[in-house]
Every structure is written in C-alpha cells, then in structure tokens.
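Structure record follows, encoded as structure tokens.
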Amino acid sequence: MSKTTEPAAGQSVKDAQEEEFGGVKPFVALLGWLTATGMAVLLTALLAAVGAGVALVTGSDTAQEAQQLAQSNQVSAEQVGWAGAIALGVIVFLAYYTGGYVAGRMARFDGVRQGFAVWVWAVVIAVVVAVLGAVAGDAYDVLGQLNSFPRLPASPGDLGLAGIIALLLVAATSLVGALAGGLAGMAFHRRVDKVGRRA
-10 MSKTTEPAAG QSVKDAQEEE FGGVKPFVAL LGWLTATGMA VLLTALLAAV GAGVALVTGS
50 DTAQEAQQLA QSNQVSAEQV GWAGAIALGV IVFLAYYTGG YVAGRMARFD GVRQGFAVWV
110 WAVVIAVVVA VLGAVAGDAY DVLGQLNSFP RLPASPGDLG LAGIIALLLV AATSLVGALA
170 GGLAGMAFHR RVDKVGRRA
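Residues -10 to 188 in this note's numbering are what the sequence shown lists, from first letter to last.
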C-alpha cells in the first residue's frame, strides 16, 4: 500500500499525484499492445470480409480483377499497390491509436510515454518472434501458422529495399498512432480533473 503524499507548498494536487503515480507502466503498456494487436487482427479481418463480400456479390475474384485492371492500363499496378499500402497504414494507425489510448487511459499520467511503451512492446515482441522463427524454424512458427500476425523476414536479404521502406513506414505509422492514442487517453483524465476542480 503506497503512502499518500500531500502537495508541497506551491504544488498542485495534479502535480503531487503525477509525482507519486506517474512514469511508464510496463504492464499497462503490454495491455495496450495486446489491444493494438487485437484491433489490427479485427480490422484486417473486416477489410478481408468486405473484399470477400464484394467478390461474392459481383461473382468475381477481387485480386484477379485488380490484376486485370492493372494489365488493361485502367489502373496501374503501382496504384493498386498504393491502395493496399494506404489501407495497411490506416489499419496500423487505428490499431496503435487504440492501444496507446488504452495505456494512456489506464495509467492516467504520462500518456505519450505510455504510448511509446506500447510501441516498444510491439518492436520487442516482433524481434523475439523473428529470432525464435529463425532459430526454431517453420515447424514452431505458431504465429505464422495462425496467419494473423505480420512476420519479420529472417535476413535483410529476404526483405529487399521496398520491404525495408514499407517496414519503416509501418513502424513510423504505428509509433505516431500509439503516441497520439496515449495523449488522448491521458487527456480524458485532464477533463475529469477540470470538472473536479469546478465542483
């Protein structure tokens, strides 16, 4: 049980609370990462379901149609690639915004740092999964068999220049989303504090 600290002279109640309860909360950040991962899986499944629904209604294969559009020069392969990249970027941003929001809301203080901790968990777990996959081989690649999680290639040669750029963009998008979400989660508590001061 933690001792309560009275605000020092000239120190606000919020500052005293932040001094005692602030800082990065690793477990809260882990919960934020789990939320981000779950949201990414749900949004990806939703996007795939929409694509499958369109294919079912029109009686066509959307991937095959995209290839045919690119071949008929109505839409370039680059445009099809950009559409996929934008969809991936939106999914990653929304997923990590949600994860950062959960961490910032649960921790109450230091929302940006909580969001950054969510992102650090994502990087650490991705590296651990990549190393385990490289060491143990495909037989023990449980996440790969689930086919729900993005996997890191074992070597930079497998990645290629375009893959490295895409990986950096995904990392940057997820970082921005997590930081913004953490800030938004913390902002909720600041609004509550303002109402408490008016009462």
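Heads up, the beta-carbon is just placed ideally off N, CA and C, and yes, glycines get one too.
Contacting residues, own chain, Cβ-Cβ under 8 Å from residue i (five flanking each side not counted)
{"i": "Arg102", "result": "Gly12, Val13, Gly171"}
{"i": "Leu168", "result": "Gly89, Val101, Gly104, Phe105, Trp108"}
Residue i classed as buried or exposed, judged by whether at least 16 other C-beta atoms fall within 10 angstroms
{"i": "Gly166", "result": "buried"}
{"i": "Ile154", "result": "exposed"}
{"i": "Val116", "result": "exposed"}
{"i": "Gly88", "result": "buried"}
Cβ shell of residue i (< 6 Å), same chain only, five flanking positions each side left out
{"i": "Gly174", "result": "Tyr90, Gly93, Arg94, Gly100"}
{"i": "Val81", "result": "Val159, Thr162, Ser163"}
{"i": "Ala96", "result": "Lys14, Val17, Gln103"}
{"i": "Leu150", "result": "none"}
{"i": "Ala111", "result": "Trp22"}
Identity of the residue in the options nearest residue i by Cα
{"i": "Phe16", "options": "Ile154, Gly104, Val81", "result": "Gly104"}
{"i": "Leu19", "options": "Ile114, Leu168, Arg180, Ala125", "result": "Ile114"}
{"i": "Arg180", "options": "Ala106, Phe98, Trp108", "result": "Phe98"}
{"i": "Val79", "options": "Ala111, Val39, Ala29, Ala125", "result": "Ala29"}
Cβ distance (whole Å) where residue i is taken to contact residue j below 8 Å
{"i": "Tyr85", "j": "Ala25", "result": "5 Å"}
{"i": "Leu83", "j": "Leu32", "result": "6 Å"}
{"i": "Val107", "j": "Gly21", "result": "4 Å"}
Residues near residue i by beta carbon distance below 7 Å, same chain, minus five either side
{"i": "Phe177", "result": "Arg94"}
{"i": "Ala76", "result": "Leu36"}
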